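Everything on this sheet refers to the single structure shown next.
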Amino acid sequence: MNVLNFVKDQMRIRCHDGVLTERLVQTPAAFGLGRLPNSVKPDATVNSICGYCATGCSLKIHLREGTAVNLSANTGYPVNVGMACPKGWEALTPLSAADRATTPYLRNAAGKLVAVSWSEAMDAFCNRFKAIQAEHGAESVAFLSTGQIVAEEMAFLGSLAKFGMGVVHGDGNTRQCMATAATAYKQSFGYDSPPYTYQDFEESDVLIFVGANPCIAHPIMWQRVMRNQRHPEIIVVDPRKTETAMAATDYLPLQPKSDLELFYGLAAHIVELGLVDRAFVDAHTNDYDAFAKFLGDYSLLTAAEATGLPIEQLERIALLIASGKRVSFWWTMGVNQSYEGTRLAQSMINLALMTGNIGKPGTGANSITGQCNAMGSRLFSNTTGLLGGRNFESESDRQQVAEILDIPVERIPAKQSLSYCEIIDAIDRGEIKGLWLIATNTAHSWINQKRFRKVREKLDFLVVQDMYHSTESAEIADLVLPAAGWGEKDGVFINSERRIGITRKVRKAPGEALSDFNILRLIAHHWGCADLFKKWDSPEAVFRILTQLSKGMPCDISGIRGYADLEINGGIQWPYSEELVARSEQSGERIAQQRRLFEEGQFYHADGKAKFFFEAPQAMPEPANKDYPLILLTGRGTSSQWHTQTRTGKSDVLRKLYPKNPYVEISPVDAGLLGIKPNTQVRIRSRRGEVEATAVILSSVQPGQLFMPMHYKVTNHLTADAFDPYSKQPSYKACAVTLLHLKT
Ligand SMILES: Nc1nc2c(c(=O)[nH]1)N[C@H]1C(S)=C(S)[C@@H](COP(=O)(O)OP(=O)(O)OC[C@H]3O[C@@H](n4cnc5c(=O)[nH]c(N)nc54)[C@H](O)[C@@H]3O)O[C@H]1N2
Ligand SMILES: Nc1nc2c(c(=O)[nH]1)N[C@H]1C(S)=C(S)[C@@H](COP(=O)(O)OP(=O)(O)OC[C@H]3O[C@@H](n4cnc5c(=O)[nH]c(N)nc54)[C@H](O)[C@@H]3O)O[C@H]1N2
Ligand code: SF4
Ligand SMILES: [Mo]
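Each residue of the sequence shown is one higher than the one before, counting from 1153 in the working numbering.
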């Protein structure tokens, strides 16, 4: 079958002459792209989960003549109860941007990206990758995926690449984001299992936010905190006095990367005071005694010295944690993006365990996820873990997956994938020659861009599959595959509290752009492995396969029978097994809409117990020195900017809400010493590069530190590629820099 006929066939479109003509290409409706799900009426309102952050707000999308014209926040959804942030309100706008990729582009002999047909694109994709594999081995082609496409597409991508194309190495941008939390949970609890439900924001007495700025990064979660009627203590641990810190009842402006010393000092003090919940520890954990012994080297004094915080403040916090009230820990990138992030996350897990603050309302050691489907990628992307939270190296896990998918077990690699940074290293060594990026903008977001740009030169073929042809990654690609975006396809996202929600097609993708799902089907067909994926013929069919893959795993969602269940229930948190549903149907008792894990004190290790992990704090990889006297922190700038700005940069409304040009925040003390005036241009230099930005003088930044948002491409020209040894997550948050001459 020729490719275009295949597209027609897959899209079930009718065409008189059997060949997809130019005329039809110019009529996207003929591509099937204009079709909305059968259930959607032309003038209707459709509920759909937002495609930006992991809060997972439900938006009501209003359609006229079958296309989305406006949206409002869903008042009936348990996550956002009628609220949305600026990105959500403006979610439809980036779909109409002028730089949408509406056709594939292939780099020609003259080095220019030129528009080509899908047929030519598929030839190039398959011929080039197959040739690379033939010459350098199957492992010489890799992919980097995302936390921002629907779970059905993630699973399809990981399965097509690994089971269909013989690819062994594939990782996701979630490595930059959630790998630390996932590793910490796996080690401590026996499975990657954030335990909380958002109701915990409202039911906690003491909320401790560590390296998290929810006012900016998760504004609707923060609204849930604001609904808390228990007059909670809100403690913020961040070197920078963020918007969240300003709203706290107590703020701990610690020195960057001194968090581990802080939490060990607090834990040591709680032990010393005899305030450990021994009953909980003895019944539900292992290795506490070794941890208590380790804590012998720590105290409030060591914590005060390392963090620069007053001992009285630390004493108060230690007492609050041990007080027996409902205490919850919430962390995000200030923890995960660290060279010792895994142990740091576990230092909070340890505190929750030793004070029995887990499995009860308003408690928990809670990692907040970042992207709309970060949790989906952790379970179903088939990248560094086998589908459903399994292990590639386990023969029985491979056997199970082969049986469920009805594929030969030999198709499943028996080897663990390299992680993102190891894939980059393997390209550098000349072992990986072909790379496929899907819904991630590596050429902006990856750490140390100077190195990445050099490494890219060693690739023989780079494919970028994106909504826009103008991203930093698309610009340096050999082949660009035009993808439909959020709102242009169906599927599910899993939010931060493990809630599976449905996102809907409410617009047609422009031109010849196809959903990632259909791009994958096209590739499977052209590669010659479509037979393996016969049953994967619609997002909902794949969703049902995912429910089968989850069966018997901690993330069991075998009780969800289809998309309709998700719609009716206001999303569904995992676990949701067939057994749970059967019990509820028998008893007539509804399954609660807010469910947390570990209520019975049973964890996922074989003996049902959680485990204490600890390790002595390490020195910062790149401390300040005479030549580079300042520590550069990076992170989110405003609630209106999303990552590399490919989407939020397209909205006039959002653009009014943040500075156009890169800026650096500097303390009034350093600005005074260096003679820097507000809003003047400065140069910032690290060992990797030198960039220009506007100086913004703010007392929220401590002397000796700078802050730059990640949304401007200059930022990662400065960052240093250090990684956590367990999670391999990049330590984006701190590197040494100097400020250079001012332009007049
Ligand atoms: N508006 C908006 N919202 C977003 C995103 C976005 O791009 N824009 N991205 C989403 C994604 S994918 C993610 S992962 C989340 C990220 O959400 P957050 O992690 O909340 O955001 P960041 O600003 O990256 O980092 C949080 C804080 O860590 C602090 N920090 C730096 N170093 C340290 C340290 O050593 N110790 C401590 N305790 N803190 C430190 C920084 O000063 C910063 O304030 O946001 C999600 N939401
Ligand atoms: N210095 C510094 N760097 C950081 C961070 C930091 O705090 N500091 N944070 C890190 C973190 S936590 C994260 S999560 C990463 C994010 O880094 P990236 O994932 O690289 O950032 P995005 O801009 O979200 O890139 C997503 C890309 O997918 C495209 N896209 C959107 N929807 C679709 C779709 O449905 N299909 C396809 N095919 N494409 C689509 C978008 O146009 C965009 O180009 O950045 C990391 N980088
Ligand atoms: S908080 Fe997150 S999920 Fe909610 S509207 Fe904003 S970006 Fe979307
Ligand atoms: Mo992230």
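A virtual CB, placed ideally from N, CA and C, is assigned to each residue, including glycine.
Only a predicted model underlies this, so the values are computations on that prediction, with no experimental measurement involved.
Exercise for the section: Would you please verify whether the beta carbon of residue 1779 is less than 9 Å from any beta carbon of chain C? Expected result: No chain C is present in this structure, which holds just one protein chain.
Problem - Contact set for residue 1543: own chain, Cβ-Cβ below 7 Å, skip 5 residues either direction - result: 1537, 1549
Exercise for the section: Check each candidate in 1678, 1553, 1500, 1849 and name the one with the smallest Cα separation from residue 1363. Expected result: 1500
Exercise for the section: Identify, in the order they occur along the chain, each residue of the same chain with its Cβ nearer than 6 Å to the Cβ of residue 1334, setting aside the five sequence neighbours on each side. Expected result: 1344, 1530
Handout entry: Nonlocal neighbours in the same chain, by C-beta distance under 8 Å from residue 1178, ignoring five residues either side
Key = Note that residue 1178 has pLDDT 29, beneath the 50 cutoff, so the model's placement of it is unreliable and no number is given.
Problem - residue 1518: first and last residue of the uninterrupted beta strand (DSSP E) it sits in - result: 1516-1519
Handout entry: Simplified DSSP state of residue 1239, which is helix, strand or coil
Key = helix
Exercise for the section: With distances taken Cα to Cα, identify the nearest neighbour of residue 1321 among 1777, 1422, 1573, 1247. Expected result: 1573
Exercise for the section: Would you check whether ligand 4 has a heavy atom nearer than 8 Å to the C-beta of residue 1522? Expected result: yes
Problem - Cβ distance (whole Å) where residue 1257 is taken to contact residue 1621 below 8 Å - result: 6 Å
Practice task
Pick helix, strand or coil for residue 1360, following the three-state DSSP scheme.
Solution key: strand
Practice task
Please list the segments of the beta strand (DSSP E) lying wholly inside the stretch 1379-1442, counting only runs of 3 or more residues, in order along the chain.
Solution key: 1385-1389, 1402-1404
Practice task
Thinking residue 1309 and residue 1590 are a contact (beta carbons under 8 Å), I'd like their distance in whole angstroms, please.
Solution key: 6 Å
Handout entry: Segment contact flag, the stretch 1439-1446 with the stretch 1489-1500, C-beta cutoff 8 Å, min 3 pairs
Key = no
Exercise for the section: Check the C-beta distance from residue 1508 over to residue 1429 and give it rounded, since I have them as a contact under 8 Å. Expected result: 4 Å
Practice task
Run through the stretch 1201-1268 for me and flag every whole alpha helix (DSSP H) of 4 or more residues, listed as ranges in chain order.
Solution key: 1238-1241
Practice task
Could you spell out where the beta strand (DSSP E) holding residue 1321 opens and where it closes?
Solution key: 1321-1324
Exercise for the section: Using a threshold of 9 Å, state whether the C-beta atoms of residue 1432 and residue 1524 are closer than that. Expected result: no
Practice task
Compute the beta-carbon to beta-carbon distance between residue 1422 and residue 1402, rounded to the nearest angstrom, for a pair I have assumed lies under 8 Å.
Solution key: Wrong, their Cβ atoms sit about 17 Å apart, outside the cutoff.
Exercise for the section: Using 10 angstroms around the beta-carbon of residue 1888, count the other beta-carbons present and answer buried if the total reaches 16, otherwise exposed. Expected result: buried
Handout entry: DSSP three-state assignment for residue 1688, whether helix, strand or coil
Key = coil
Handout entry: Stretch pair the stretch 1597-1608 + the stretch 1632-1639: three plus CB contacts closer than 8 Å
Key = no
Problem - Coil, strand or helix - residue 1810 by DSSP - result: coil
Exercise for the section: To the nearest angstrom, report how far apart residue 1844 and residue 1835 are at their CA atoms. Expected result: 4 Å
Exercise for the section: Excluding the 5 residues preceding and the 5 following residue 1181 in the sequence, name in chain order all residues of the same chain whose CB lies nearer than 6 Å to its CB. Expected result: In this prediction, residue 1181 has a pLDDT of 35, which is less than 50 and means its spatial position is unreliable; what the coordinates show is noted afterwards. None.
Handout entry: Three-pair Cβ contact test at 8 Å for the stretch 1276-1296 versus the stretch 1642-1661
Key = no
Problem - Helix, strand or coil at residue 1539 [DSSP, three-state] - result: coil
Practice task
Put residue 1887 into one of helix, strand or coil per three-state DSSP.
Solution key: strand
Handout entry: Beta-carbon contacts of residue 1393 that lie in its chain and below 7 Å, excluding the five residues immediately before and after
Key = 1403, 1405, 1852
Exercise for the section: Could you tell me if residue 1877 is buried or exposed, where buried requires 16 or more neighbouring beta carbons within 10 angstroms of its beta carbon? Expected result: exposed
Exercise for the section: Please confirm if the stretch 1408-1419 is in contact with the stretch 1448-1468, defined as three or more CB-CB distances below 8 Å between the two stretches. Expected result: yes
Handout entry: Under the three-state DSSP convention, the category residue 1860 falls into
Key = strand
Problem - Closest residue to residue 1902 among 1217, 1200, 1216 (Cα-Cα distance) - result: There is simply no residue 1902 to check, as the chain begins at 1153 and stops at 1896 in what is shown.
Handout entry: Cβ pair residue 1425, residue 1503 closer than 9 Å
Key = no
Handout entry: Sufficient close CB pairs (3 or more, under 8 Å) joining the stretch 1700-1710 to the stretch 1469-1484
Key = no
Exercise for the section: Report whether the distance from the Cβ of residue 1590 to the nearest heavy atom of ligand 2 is below 8 Å. Expected result: yes
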